[in-house]
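S.K.: I have a structure I would like to understand better, so I am pasting it below and will then ask my questions one at a time.
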Amino acid sequence: MPDTDTSRRQILAAAIVRQPGEWTKRRVMRLYQQAGHPVPLTRTARRDLAHAHRHGLLDIHETPGRRYYTRKDNAR
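The opening position of the sequence shown corresponds to residue 27 in our numbering, with each subsequent residue numbered one higher.
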């Protein structure tokens, strides 16, 4: 059985490189659904975004009540 975490995170990383804009947990959940993955729990989408941030793909932005990520310029 393939590693689901790795598979999901590879889909996310490829999308981040191709698609600029704000990355939120809802956007990630839609991406996974469109890619044929079961829609993850909200915390799974959050963990995958945090993982991409830790690995240098995303910058984090926080405002009261809202967190989103944007692609780092060097993530291409």
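Glycine included, each C-beta is placed from N, C-alpha and C at the ideal position.
Am I right that E71 and V54 are in contact with their C-beta atoms under 8 Å? What's the rounded C-beta distance?
M.R.: The sequence given here places Ala at residue 71; Glu does not occur at that position. So it is a contact: roughly 4 Å between Cβ atoms.
S.K.: Give a yes or no on whether the C-beta atoms belonging to I42 and R97 are separated by under 8 Å.
M.R.: yes
S.K.: For T96, which three-state DSSP category applies?
M.R.: Of the three classes helix, strand and coil, the one that applies to T96 here is strand, per DSSP.
S.K.: If distances are taken between C-alpha atoms only, which option among R34, R80 and H81 comes closest to Y58?
M.R.: R34
S.K.: When the Cα of K51 is compared with those of H63, L67 and G62, which residue comes out closest?
M.R.: Measuring from the Cα of K51, the nearest candidate turns out to be L67.
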